[in-house]
Amino acid sequence: MLIMENTALAPFTTFGIGGPARWFVEAASEDDIAEAAGWAREHGVELFVLGGGSNLLISDAGFDGLVLRVGLRGIETASAAEETGQTIYHAAAGEDWDGFVERVVQGGCAGIECLAGIPGTVGGTPVQNVGAYGQEIASVIESVRAFDVEQHAFQEFTAAECGFAYRRSRFNSSDHGRYIVTCVNYRLTPGGPPTLRYADLQKAFANREAAEGTPTLAEVAAAVRRIRQTKGMLLVEGDPDCRSAGSFFKNPVVAEVELKRIAACGDKDPPRFPAGPGPENAGRVKVPAAWLIEQAGFAKGYTLGAAAVSTRHTLALINRGGASAQEILALAGQISAAVENRFGIQLEMEPVMVGF
Ligand SMILES: Cc1cc2nc3c(=O)[nH]c(=O)nc-3n(C[C@H](O)[C@H](O)[C@H](O)COP(=O)(O)OP(=O)(O)OC[C@H]3O[C@@H](n4cnc5c(N)ncnc54)[C@H](O)[C@@H]3O)c2cc1C
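The sequence shown begins at 1 in my numbering and counts up one residue at a time.
As structure tokens, this is what we get:
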């Protein structure tokens with residue numbers, strides 16, 4: 001295992017921002033992970049786990065510790081219990097997420113077709129319970145295998161033990177920094193129908209002739225990627241609108257009774273959508289952060305130095321070229337303050353802050 005010094009981190013992130021890692025290592029196996037974690041402990045340095053770098057803002061000073069990049073590869077399938085007829089896919093944490101979705105869709109299994117086009121690795125998906133276009137990873141995770149840096153041992157978690165909620169799991173909340181995910185097991189449905197819950201997606205197939213039948217999983221995944229591209233939410237070489245970390249703010253979840261107050265602040269009824277399943281979401285709705293930001297006076301394309309609001313999606317902050325982390329945070333600060341002034345709502349940042 002080769003531990004390198006002063007390695008530039010910006011090229012490992014979709015923002016293209018951030019200073020160097022004091023130490024940096026690529027882990028290709030579970031043994032490498034255990035060894036690297038042991039090295040960090042022996043040397044008393046902080047450990048940061050890097051996947052595809054698509055949900056991060058790294059500070060301009062970089063990270064004064066060991067960055068462990070997860071490079072474990074391999075995908076295997078195994079049939080699940082006969083009574084469910086579902087298939088379990090075992091995917092190593094360093095696999096490219098969109099490549100995995102493509103493989104599952106080509107294999108005729110339903111469950112993650114709407115999550116096509118999300119950048120990053122398999123190992124990143126349970127961390128913030130990724131979701132898009134009507135699907136969330138929590139609903140298809142069977143179990144997660146991870147290395148516990150405190151106990152120096154591997155452990156397996158069932159989906160229920162992962163503590164999933166909107167953009168949340170035990171891995172980014174109560175146990176933040178404790179576990180390194182090495183493998184995720186997904187329970188998918190052979191021959192299942194695609195999920196067509198999301199309005200944009202339904203619109204994409206609105207003119208389909210009855211004779212053409214239900215869209216296939218591959219058609220739905222392709223439509224999701226197309227929609228994502230129109231919003232700058234697909235990584236496309238040379239597209240400045242995708243030099244981002246995706247959505248920079250989470251959609252606030254508010255009590256339904258709050259909607260009247262929000263409408264009065266904005267002179268308009270706010271759009272809303274279900275907060276999600278679970279008793280904790282009863283009587284609550286999600287209000288799109290993009291709408292709040294627009295109503296607070298920020299249009300697509302608004303710029304502050306080399307940082308900007310994407311020209312195609314108000315929720316994504318982008319690096320126009322040479323932006324510093326400080327510039328991104330200054331823009332984020334302006335936006336949050338304006339939303340709070342107008343609506344009394346504190347926006348929460350979605351990307352993970354590293355080295356601040
Ligand atoms: C253009 C664009 C569009 C996006 N669209 C969406 C979207 O639609 N929905 C959505 O939910 N997200 C979206 N994202 C955010 C991001 O792609 C996801 O959160 C993704 O799952 C992050 O995975 P990653 O491997 O890049 O993680 P990284 O960004 O490398 O890391 C993010 C966090 O996860 C931790 N982590 C990563 N891998 C592991 C591991 N193996 N073990 C333990 N911890 C780990 C890191 O330590 C860090 O805390 C988008 C991002 C971009 C740039």
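Glycine included, every Cβ here is placed at the ideal spot set by N, Cα and C. These numbers come from a predicted model, not from an experiment.
Bridge partners - residue i, DSSP secondary structure assignment
| i | result |
| --- | --- |
| ARG284 | ALA255 |
| GLY131 | GLU136 |
| PHE100 | Note: PHE100 sits in no beta bridge, so no partner. |
| VAL181 | ALA146 |
| VAL67 | PHE24, PHE48 |
| SER244 | ILE318 |
| MET4 | PHE24 |
| ARG261 | According to DSSP, ARG261 bridges with nothing at all. |
| PRO274 | VAL285 |
| ILE141 | TYR186 |
| CYS109 | PRO190 |
| THR195 | THR195 pairs with nothing; no bridge assigned. |
| VAL354 | ILE58 |
Whole-angstrom C-beta distance between residue j and residue i, which should lie under 8 Å
| i | j | result |
| --- | --- | --- |
| GLY360 | ALA28 | For residue 360 there is no data in the structure shown, the boundaries of the chain being 1 and 356. |
| THR14 | PRO119 | 6 Å |
| ALA316 | GLY246 | 6 Å |
| VAL122 | GLU95 | 4 Å |
| VAL101 | LEU188 | Actually they do not touch by this definition, with Cβ atoms about 10 Å apart. |
| ALA289 | LYS250 | 7 Å |
| VAL254 | VAL285 | 6 Å |
| PHE298 | ALA325 | Actually they do not touch by this definition, with Cβ atoms about 20 Å apart. |
Burial state of residue i (16 or more Cβ within 10 Å)
| i | result |
| --- | --- |
| PHE273 | exposed |
| THR314 | buried |
| PRO351 | buried |
| ARG69 | buried |
| ASP98 | buried |
| ASN6 | exposed |
| PHE24 | buried |
| ASP241 | buried |
| GLU113 | buried |
| GLU150 | exposed |
| ALA210 | exposed |
| ARG208 | exposed |
| GLU136 | buried |
| PHE171 | buried |
| THR158 | exposed |
message = So within the stretch 298-348, which uninterrupted alpha helix (DSSP H) runs reach at least 4 residues, ignoring any that extend past its ends?
response = As far as the stretch 298-348 is concerned, its whole alpha helix (DSSP H) runs of at least 4 residues are 325-343.
request  = Within the stretch 70-97, note down every full beta strand (DSSP E) run reaching 3 residues or more, in order along the chain.
outcome  = DSSP runs (the beta strand (DSSP E)) wholly in the stretch 70-97: 75-79, 87-92.
request  = Within the stretch 9-65, note down every full beta strand (DSSP E) run reaching 3 residues or more, in order along the chain.
outcome  = 20-27, 47-50, 56-58
Contiguous alpha helix (DSSP H) assignments of at least 4 residues, all confined to the stretch 197-234 = DSSP runs (the alpha helix (DSSP H)) wholly in the stretch 197-234: 199-204, 217-230.
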